[in-house]
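Peer 1: After the structure tokens below, expect a handful of questions from me.
Residue numbers (my numbering): 125 to 1386.
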């Protein structure tokens, strides 16, 4: 996944990374430490906890994990920025912790303990491992800005915990969990540096290709020594595997492999926790338990595993006057995940400074904030092609269109996100740019962070290189405040009668980030009700003088606080519509630190109470209660239903009916009416109750038995009473009687340490027993095993702790497992004989008991999944390999199978058969046996006859890749060899060979922001590049410039970051677009002349390079869609006069020509000519295109209509000189208004002015 820039600044200072793993390496047995490159226990700073045979300070529960590291800062340093990064595995071999990866983690600083929520901007989930026979395994990365916490606490010990991870056994050696603290600090004693931190989730696998990240925004010194360092945080690097590398250089063709004191060139990521000098850091939790680095290295038993953090020099990769670089991550072996990169590069003092400011010190949602960027040339030479950009959090603010000014002059159409063209700044020049954003929401973290950037080009001397780079401004952080006020209203009755008293309850809450003050709740009360004086309570305290109509004061409600208000009303009359509709409002003020007092209000929900009007409606209250209110299957529940007649008249022929839910069964003869048994009654059939007089109550009780577990644990059941009231039939429901059915739900997930084994092998089984129910259960786990294996005594472990006396055949007591709890059990089994099926199938079971609150006992049982281990005979050793472990569709893969008779006797009837998952086809005629071509087809079986002791047969054959296998992209291939020895049929299996099939595929979509443009305008383009395949692509972008346009230098941005100095004609390398990810390129073209076609048609070209793990490259060129932008130009109005002078009393002829240079017509053309004093239009003299218009009496509005593309319209008329003004030289101009027609049918209105015509009006000669 592309890295997200979290911090970028030039400052005298440095970066430091610290952190730690949250796990220790495992063995193949649950709870036993070992040298496998995967964690088997979580680390905790609580040394009273121990998981299995691991040392104190370990746990099997990720919610309890924690580890510490020490942050070192030089004296005199000031923290500028800090990011906490954490991650691990979350889906791995049946364990799915997706629901928890967005939980907050605990973060302990020298100042206290804090809960850190992840920032959505850096949420990543990625496929980390796809290694058959294991299921795909997934990792995640989360991070958050913790700058204020580090600024407050400074150097010292930091601890992070509660990080999600897995410790599954077995797994594709991917279990891990970790955390990193990345800190940027300033220090006056340090050089001026470009300091940046990026966060992402770049998975680097041999099967996915390298990942190149383009780095810009710095300029190294023109001469003298160079220095820089790269800081990297990574997951899942292994000491015992090699091939993992990090490279850095000026461009993709001149990269240098990085290394450090504890980072080897070909084993860069080796589960090593290093300090700022690149040396092993032993100061954190379990700091002395480190894997041994090497090429390859090795693992210690229970070593710190799955996490790398380091700081290495990149000085040797830098050049003088360098302004960009490429950071490459690659491997041909060990896979890993990089979650953060920090770069500090010593730089030349920039010739441009950019200072950002705003008068706003804080803001509320809805505020418009004005920013100013002062861009100054502080150097001695001109800076050209200055482009200023400014990006802000789009989730909490929006740019105000039309708000950009440059040196006080509005710049229509400009947007700081896509770039504001400043042009050239001479030495000492300052350009002032202003623009506005409106706050739309409270940003994550509470502050609106904003930073500008200025890209520019300069050349110090004629002989020095041309430098194109960009500099960042200071960062402006504006706290945004917003109370989030809720008002929830409820009533104590759902229906009411006239005369009833209704109690309303209001809960006012504030979940925002600023307190509200002067809060007052008002309620106008609906018609038909009146306030009960003295009934108000606030926070449970009576406020006798308060009245909701005039307002109930609740004062201040702090952050994450609430207050409860109650009051009563008396129903005095039947309201309009028959419903008492009531809604309250809370009004309040809040005051951000800038001193403004903001007024706000929030309405409550509406509460609607139907008013029952006698004598038409009865008032019968029916309350149903179950006792006990919970139970297990088999328990007896007694329902009690009390019906009370509160009506103004008796009800007759009352019958109570209750349909029993499906999971319950009615207990016959259990009905009582007012305590008197009624053995024949059945609530489902209806229980007659007769007449209920005014105020009379009757109670019916009966029993049900819980007979099954319902889909939902809480069973809501309602009875109903049908009766006659004043001659009308009525049905009234009871309140629901809720009963919770308690049931433990015991699930078993079983795993085996291997998928293929031989008789005599020892296999470790593990069973995770989980209770997802709502009642604790006492569980006994049993595994009877199959007839072809036996338990290895003394190997049972419960949650990692050895339990020597336990035996799965006899049952392993696990004690009580609470709801949501789990127990992990493992044990060894010896494979003793061959199963006839060729598979060792095994399934565990659990018997459990539980007890309801009433004391009743229940029991149950569960089965695990079946674990299948394929038997392979050790008599034949079958080894399979492929010419390439990867390929493209159409490639041919050659397989080699070596079959060795490892027994002391001959084996006969040998037949080899190839089995593979879909995606390939056997190439006929490709089979060879010991180098001799054979006509056989190994897919249906090849007979090899007899193999004598020690004899070796080598088969080769080819398969062609036909299609992309779904969903794993792998073709998994295995050879099965059947044979007999001494008349006994046997089978040997080869290893599984996986061939990854690559699909190099990408698409690019282009768009323009402007629907049209005029000559002189800038067009903003965006190209979205999506890698739709499964192989990383290196991308070079170029754009064929359409006629009439030029590229706006330094305007190109990659994923929001400027890439100055790119050459449109040779192409711009934009780095790697990873598989299934997207990159966005934006840039600008300027329209400098009107194109002959009247439109700019632009299409970008992308050159893609895919690199396979063996170095083989595949290239492709794709084109974006063409984007057409109509170019508009203004109509031209030309005016000429027949003479330069005219005598009073004489006439002069004028001609007006309207020219439409566009490729589309212009419509609604109207010409207006206001003649100057001294001249008067001669009526009837006007003509249009030679046609007289004799009825025209003036020149106010002359309709011309439509002028076709590149057409003209000509007006001619006479004017008479009627007098000579004081200034005899008169100046005359005309205007034309018209509509430009766009291809989509829309119109744009414009007005043009003609050239001025000067005429001298002369008096008659005397």
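Backbone N, C-alpha and C define an ideal beta-carbon position, used for all residues, glycine too.
#1: Measuring CB atoms only, is the stretch 492-502 touching the stretch 355-367, in the sense that at least three cross pairs come out at less than 8 Å?
#2: Just to confirm my understanding: we take residue 849, look at its own chain, exclude 5 residues before and 5 after, and list those with CB closer than 6 Å. What are they?
#3: List the DSSP bridge partners of residue 534.
#4: Can you tell me which of 685, 662, 690 and 1352 puts its alpha carbon nearest to the alpha carbon of residue 678?
#5: With which residues is residue 1248 paired in a DSSP beta bridge?
#6: What residue range does the beta strand (DSSP E) around residue 596 cover?
#7: Please classify residue 518 as buried or exposed, where buried requires at least 16 neighbouring CB atoms within 10 angstroms.
#8: Classify residue 211: buried if its beta carbon has 16 or more other beta carbons within 10 angstroms, exposed otherwise.
#9: Going along the chain, which residues of its own chain have a beta-carbon closer than 8 Å to the beta-carbon of residue 649, five neighbours each way excluded?
#10: I'd like the list of long-range same chain contacts for residue 1035, defined as Cβ closer than 8 Å, with 5 residues on each side in sequence excluded.
#11: Please classify residue 1164 as buried or exposed, where buried requires at least 16 other C-beta atoms within 10 Å of its C-beta.
#12: According to the Cβ coordinates, are residue 1042 and residue 1119 closer than 7 Å?
#13: Here's the rule I'm using: 16 or more other beta-carbon atoms within 10 Å means buried, otherwise exposed. How should residue 669 be labelled?
#14: How many Å lie between residue 640 and residue 681 at the Cα?
#15: Got a sec? Which residues, its chain only, sit under 7 Å from residue 1343 by beta carbon, not counting five neighbours each side?
#16: Please specify which runs of the beta strand (DSSP E), each continuous and at least 3 residues long, are wholly inside the stretch 976-1052, giving them in chain order.
#17: Mind checking residue 550: buried by the 16 CB within 10 Å criterion, or exposed?
#18: Cutting at 6 Å between CB atoms, please list the residues of its own chain near residue 407, excluding the five before and the five after it.
#19: The alpha helix (DSSP H) that contains residue 272, what's its start and end?
#20: Output the distance between the C-alpha atoms of residue 763 and residue 829, rounded to the nearest integer angstrom.
#21: Using the Cβ count rule (16 or more neighbours within 10 Å means buried), how would you classify residue 300?
#22: State the start and end residues of the unbroken beta strand (DSSP E) segment that holds residue 388.
#23: So if DSSP puts residue 725 in a beta bridge, which residue, or which two residues, is it bridged to?
#24: Just how far apart, CA to CA, sit residue 504 and residue 510?
#25: Should residue 1386 go down as buried or exposed, given a rule of 16 or more other Cβ atoms within 10 Å for buried?
#26: Note down, in chain order, each residue of its chain lying with its Cβ closer than 6 Å to the Cβ of residue 930, except the 5 sequence neighbours on either side.
#27: Output the boundary residues of the beta strand (DSSP E) element that contains residue 782.
#28: For residue 346, count neighbouring Cβ atoms within 10 angstroms of its own Cβ and tell me buried if that reaches 16, exposed if not.
#29: For the candidate residues 1357, 715, 581 and 1241, whose alpha-carbon lies nearest to that of residue 1321?
#30: Take every Cβ of the stretch 177-196, pair it with every Cβ of the stretch 900-920, and state whether three or more of those distances are shorter than 8 Å.
#31: Return helix, strand or coil for residue 127, following the three-state DSSP convention.
#32: So for residue 282, helix, strand or coil by DSSP?
#33: Rounded to the nearest angstrom, what separates residue 1214 and residue 1141 at their Cα positions?
#34: Figure out for me which residue from 953, 955 and 938 has the closest Cα to the Cα of residue 947.
#35: Which partner residues does residue 926 have in the DSSP bridge list?
Peer 2: Let's see:
#1: no
#2: 742 and 775
#3: 529
#4: 662
#5: 1221
#6: 591-605
#7: exposed
#8: buried
#9: 655, 672, 673, 693 and 706
#10: 1065, 1066, 1067, 1068, 1101, 1102 and 1103
#11: exposed
#12: no
#13: exposed
#14: 5 Å
#15: 1268 and 1298
#16: 981-987, 991-995, 1000-1006, 1010-1012, 1016-1025, 1031-1040 and 1044-1046
#17: exposed
#18: 194
#19: 271-277
#20: 11 Å
#21: buried
#22: Premise fails: residue 388 is in no beta strand (DSSP E) and is neither H nor E.
#23: 711
#24: 16 Å
#25: For residue 1386, the predicted structure reports a pLDDT of 48, less than 50, and the residue's modelled location is therefore unreliable. The matter cannot be settled from this model.
#26: 920 and 936
#27: Element bounds for residue 782: n/a, residue is neither H nor E.
#28: exposed
#29: 1357
#30: no
#31: coil
#32: strand
#33: 11 Å
#34: 938
#35: 921
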